[in-house]
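> Line by line, the protein sequences give chains A and B. Each residue of the first sequence is one higher than the one before, starting from 11 at the first, in the numbering used here. Each residue of the second sequence is one higher than the one before, starting from 921 at the first, in the numbering used here. I'd like to ask some things about the structure below.
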Amino acid sequence: MKKVEVTLKNVCNVIREFYKLKEHQFLTLNGVAIDEKTIEIQWIFSHYAKVDKIVVFYVEVTEDELIPSIVDLIPSAIISQRELVDMFGVKVQDSESGLYLDEDSMKKPLSLGCAL
Amino acid sequence: MSKKTINIPLGSQHISLLEPIRFKFVCENEKILEVDSDVGFVHRGVERACTTKFKYDAIPYVVARICGLCAITHSLSYTMAIESLLGANVSKRANYLRVLMVELDRIHSHMLCLSHVCENTGYEAMFMKIMGDREPVMDLQELISGNRIQFDYVSIGGVNRDIDPEIARKIKQTLKELRPKIQDLITEFQNNWSLSLRFKGIGALSMQKAYEFNAIGPLARAAGIKTDVRSESSELPYNELGFELITKEGGDIYARNMVRLYEILNSISMCENIVDGMPEGAIITKLKGKPSGEVISRLEAPRGELMYYVKGHGKAMLDRVRIKTPTFSSIPAFMDIFIGQEYADAPAILASFDPCMSCTAK
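Written out as structure tokens, the structure reads:
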């Protein structure tokens, strides 16, 4: 897989330039906890009909930073964005919590700051 | 005359979908105007457990419990990711046996979906016939792995059980008997009015919409998109086993049924090719070291692409296991398909999606 570092400011433009509707498939949005405050956010794409072609755009964020939404470009990304909000407690533009977890559930279970 | 709308819930437990997902339809008369969904009824925290409770070599058996139907694809996808991080060279025989189990799993999973489509059409007799024809495939899985479902067949480095000539003979015999039954089903689904005319144009996803919603699996292929991880990943030897990418046009329930039926025939052919061309060699290779680095592994599960992202740092406990299941990523497309449809068609449309909530609520 090929990893491309982006910033919160340019991620939407970078993905908009990269993404071709009938060539690329958006696989998912992923979060990887780096430490108790920092999370690596990954936008993962594959290529239709090309073997083993995976491209990952990534940026490190803290919980209080707002992650831009790519839903205007890729409508199906909304479900991954909402999952990320629930699982890591991050803020993603136009993505509310409560998809997976209820109000009385454990908060941000995949962040390193969450103890069971 | 003023227009009135009514809210009709479907689920979380519904006679047409015995799984914990709830759709809320806003309808005008019988027409669906808006859809909302709730998928979070039984979230089990498997991703968290994989990095806090279990060492990396136990996880194939943990993720196999995510879903009874898709156990083999979960454990295999994870295992391939770990093998990639360890730089492992799995034997060709082990890979052939893995594909054999994945394709048998696809056959019985597709048959389950087709039977549910019949059930939701009120065609109970066909539902029971397909379920009956599916049983011998489950028996084969038990013969090979020891379990009908949730089999712990895959291990890091290979598989846990080999097949002998008697099992190979049984596999070929069962598949030989199954093939004409599937061909009869194709005729039935093409010609029976309850299954053909009834479903043409119903629950359709156009090719353009399928691209926009990143549709995967039979949902995408029924809309004409040529996408299948079996042709987009080199991790398993599909290119030497007779894999054919099946696509149809129309994107409706009928097309999805046809894609599944023809994929069953292709899976039968691949299983026969595997048994005929089974290479000699060990079924498992002992591996050393601990996984370090990050990797993405993909596999075509019966419902579409299953993706695992795994990150380790040379210790027994992993840093991250991300599981992207096919049903979860298809939910936005599901919701779009419902809009404009008749509520009376909703159960059949839903069955044709073949949703797996065990995977979704991982």
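In this text, a Cβ means the ideal position worked out from N, Cα and C, and glycines have one as well.
(1) Here's the rule I'm using: 16 or more other beta-carbon atoms within 10 Å means buried, otherwise exposed. How should residue 1025/B be labelled?
(2) With 8 Å set as the bound, which would you pick, yes or no: does the beta-carbon of residue 1272/B sit closer than that to a beta-carbon of chain A?
(3) Is it the case that the Cβ atoms of residue 1279/B and residue 1083/B are separated by a distance below 8 Å?
(4) Only counting the same chain, and skipping five residues up and downstream in sequence, which positions put a Cβ closer than 7 Å to that of residue 1091/B?
(5) Do the region 1196-1211 of chain B and the region 1009-1024 of chain B meet, that is, are 3 or more Cβ pairs less than 8 Å apart?
(6) According to DSSP, residue 42/A sits in a beta bridge with which residue or residues?
(7) From residue 1157/B to residue 1055/B, what distance separates their C-alpha atoms?
(8) Classify residue 1265/B as helix, strand or coil using the three-state DSSP reduction.
(9) For residue 91/A, which residues in chain B fall below 7 Å Cβ to Cβ?
(10) Of the residues 99/A, 105/A, 114/A, which one's Cα is nearest the Cα of residue 41/A?
(11) Rounded to the nearest angstrom, how far is the Cβ of residue 1035/B from that of residue 1050/B, given a contact under 8 Å?
(12) Using a Cβ cut-off of 8 Å (strictly closer), state whether residue 968/B contacts chain A.
(13) Assign residue 1197/B to one of three DSSP states: helix, strand, or coil.
(14) Which of the three DSSP states, helix, strand or coil, is assigned to residue 929/B?
(15) Between the C-alpha atoms of residue 946/B and residue 961/B, what's the straight-line distance to the nearest angstrom?
(16) Short check: CB of residue 991/B to CB of residue 1071/B, under 8 Å?
(17) Whose C-alpha, out of 1096/B, 927/B, 1032/B, 1057/B, is nearest the C-alpha of residue 1048/B?
(18) Determine the closest residue to residue 1219/B out of 968/B, 993/B, 1043/B, 1264/B, with distance taken between C-alpha atoms.
(19) Mapping DSSP to helix, strand and coil, what is residue 1036/B?
(20) With a threshold of 8 Å between beta-carbons, can residue 896/B be considered close to chain A, or not?
(21) Do residue 1121/B and residue 1172/B come within 8 Å of each other at the CB atom, strictly closer than that value?
(22) Using a cut-off of 8 Å between C-beta atoms, extract the partners of residue 1131/B located in chain A.
(23) Check distances from the C-beta atoms of the region 110-126 of chain A to those of chain B and list, in chain order, the residues that come in under 9 Å.
(24) When you compare the CB positions of residue 1081/B and residue 1102/B, do they come within less than 8 Å of one another, or not?
(25) Could you tell me the distance, in whole angstroms, from the CA atom of residue 45/A to the CA atom of residue 1100/B?
(26) Output yes if chain B places a C-beta closer than 8 Å to the C-beta of residue 12/A; else output no.
(27) Is it the case that the Cβ atoms of residue 1176/B and residue 1222/B are separated by a distance below 8 Å?
(28) Name the chain A residues whose beta carbon is nearer than 8 Å to that of residue 1054/B?
(29) For the beta strand (DSSP E) containing residue 1106/B, list its first residue and its last residue.
(30) For residue 895/B, collect the residues of the same chain with a Cβ closer than 6 Å to its Cβ; drop the 5 residues on either side in sequence, then sort them by chain order.
(31) Could you confirm whether any beta carbon from chain A is found closer than 8 Å to the beta carbon of residue 1252/B?
(32) Determine the DSSP secondary structure at residue 121/A, reduced to helix, strand or coil.
(33) Among 1037/B, 974/B, 970/B, 1023/B, which has the Cα closest to the Cα of residue 935/B?
(34) How about residue 102/A: is its C-beta nearer than 8 Å to some C-beta of chain B?
(35) Mind reading off the beta-carbon distance from residue 995/B to residue 978/B? Whole number of angstroms is fine, and I expect it under 8 Å.
The short version:
(1) Locating residue 1025/B in the second sequence gives position 105, counting from the first residue. Counting Cβ neighbours within 10 Å, residue 1025/B comes out buried, since at least 16 surround it.
(2) Working through the second sequence from its first residue, we reach residue 1272/B at position 352. For residue 1272/B, the answer is no, since every Cβ of chain A falls outside 8 Å of its Cβ.
(3) Translated into positions along the second sequence, residue 1279/B becomes position 359. Translated into positions along the second sequence, residue 1083/B becomes position 163. Not closer than 8 Å, so no.
(4) Position 171 of the second sequence, counted from the first residue, corresponds to residue 1091/B. Closer than 7 Å at the Cβ level, and outside the excluded window around residue 1091/B, lie 1060, 1191, 1195.
(5) yes
(6) To locate residue 42/A, count along the first sequence from 1; it is residue 32. For residue 42/A, which the question treats as bridged, DSSP gives the partners 50/A.
(7) For the purposes of this step, residue 1157/B is taken as the residue at position 237 of the second sequence. For the purposes of this step, residue 1055/B is taken as the residue at position 135 of the second sequence. For residue 1157/B and residue 1055/B, the distance between alpha carbons rounds to 27 Å.
(8) Here the question's residue 1265/B lines up with position 345 in the second sequence. The answer is helix: DSSP assigns residue 1265/B an H, G or I state.
(9) Your numbering for residue 91/A matches position 81 in the first sequence. In chain order: nothing, as chain B lies at least about 11 Å away.
(10) As a position in the first sequence, residue 41/A is number 31, starting the count at 1. Of the candidates 99/A, 105/A, 114/A, the one whose C-alpha sits nearest the C-alpha of residue 41/A is 99/A.
(11) On the second sequence, residue 1035/B is found 115 positions in, with the first residue counted as 1. On the second sequence, residue 1050/B is found 130 positions in, with the first residue counted as 1. Indeed, because the Cβ distance is near 4 Å, the residues count as touching under 8 Å.
(12) Numbered from its first residue, the second sequence carries residue 968/B at position 48. Yes, because at least one Cβ of chain A sits closer than 8 Å to the Cβ of residue 968/B.
(13) Here residue 1197/B is taken as the residue at index 277 of the second sequence, counted from 1. Three-state result, residue 1197/B: coil.
(14) Numbered from 1 along the second sequence, position 9 holds the residue referred to as residue 929/B. When DSSP states are grouped into helix, strand and coil, residue 929/B belongs to the strand group.
(15) Numbered from 1 along the second sequence, position 26 holds the residue referred to as residue 946/B. Numbered from 1 along the second sequence, position 41 holds the residue referred to as residue 961/B. In a straight line, the C-alpha of residue 946/B is about 21 Å away from that of residue 961/B.
(16) To locate residue 991/B, count along the second sequence from 1; it is residue 71. To locate residue 1071/B, count along the second sequence from 1; it is residue 151. Their beta carbons are under 8 Å apart, which means residue 991/B touches residue 1071/B by this criterion.
(17) As a working mapping, residue 1048/B is identified with position 128 in the second sequence. Ranking the options by Cα distance to residue 1048/B, first place goes to 1032/B.
(18) Here the question's residue 1219/B lines up with position 299 in the second sequence. Taking residue 1219/B as reference, the option from 968/B, 993/B, 1043/B, 1264/B with the minimal CA-CA separation is 993/B.
(19) The residue given as residue 1036/B occupies position 116 in the second sequence. Looking at residue 1036/B - three-state DSSP - the assignment turns out to be helix.
(20) In the structure displayed, chain B extends from 921 to 1282; residue 896/B sits before or after that span and is not available.
(21) As a first step, residue 1172/B must be located in the second sequence, where it is residue number 252. As a first step, residue 1121/B must be located in the second sequence, where it is residue number 201. Yes; because the gap between Cβ atoms is below 8 Å, this pair is in contact.
(22) For the purposes of this step, residue 1131/B is identified with residue 211 of the second sequence, where counting begins at 1. Chain A residues near residue 1131/B: 31, 32.
(23) 110, 111, 112, 115, 116, 119, 120, 124, 126
(24) Numbered from its first residue, the second sequence carries residue 1081/B at position 161. Numbered from its first residue, the second sequence carries residue 1102/B at position 182. The Cβ atoms of residue 1081/B and residue 1102/B do not sit closer than 8 Å to each other.
(25) Counting from 1 along the first sequence, the entry for residue 45/A is found at position 35. Counting from 1 along the second sequence, the entry for residue 1100/B is found at position 180. Counting only the Cα atoms, residue 1100/B lies some 57 Å from residue 45/A.
(26) On the first sequence, position 2 is the one that residue 12/A refers to. So no, residue 12/A is outside the interface.
(27) Indexing the second sequence from 1 puts residue 1176/B at position 256. Indexing the second sequence from 1 puts residue 1222/B at position 302. Contact annotation: residue 1176/B and residue 1222/B have beta-carbon atoms that are not nearer than 8 Å.
(28) Taking the first residue of the second sequence as position 1, residue 1054/B is located at position 134. By Cβ distance, chain A contributes nothing, its closest Cβ being about 30 Å from residue 1054/B, past 8 Å.
(29) On the second sequence, position 186 is the one that residue 1106/B refers to. Premise fails: residue 1106/B lies in the alpha helix (DSSP H), 1085-1111, not in any beta strand (DSSP E).
(30) Only positions 921 to 1282 of chain B appear in this structure, which leaves residue 895/B out of reach.
(31) The residue given as residue 1252/B occupies position 332 in the second sequence. By this cut-off, residue 1252/B is an interface position.
(32) The residue you call residue 121/A lines up with position 111 of the first sequence. DSSP places residue 121/A in coil when its eight states are reduced to three.
(33) Translated into positions along the second sequence, residue 935/B becomes position 15. The shortest C-alpha separation from residue 935/B is found at 1037/B.
(34) On the first sequence, position 92 is the one that residue 102/A refers to. No, because no Cβ of chain B sits closer than 8 Å to the Cβ of residue 102/A.
(35) In the second sequence, residue 995/B corresponds to position 75, counting from 1. In the second sequence, residue 978/B corresponds to position 58, counting from 1. Rounded, the Cβ-Cβ distance is 11 Å, inconsistent with contact.
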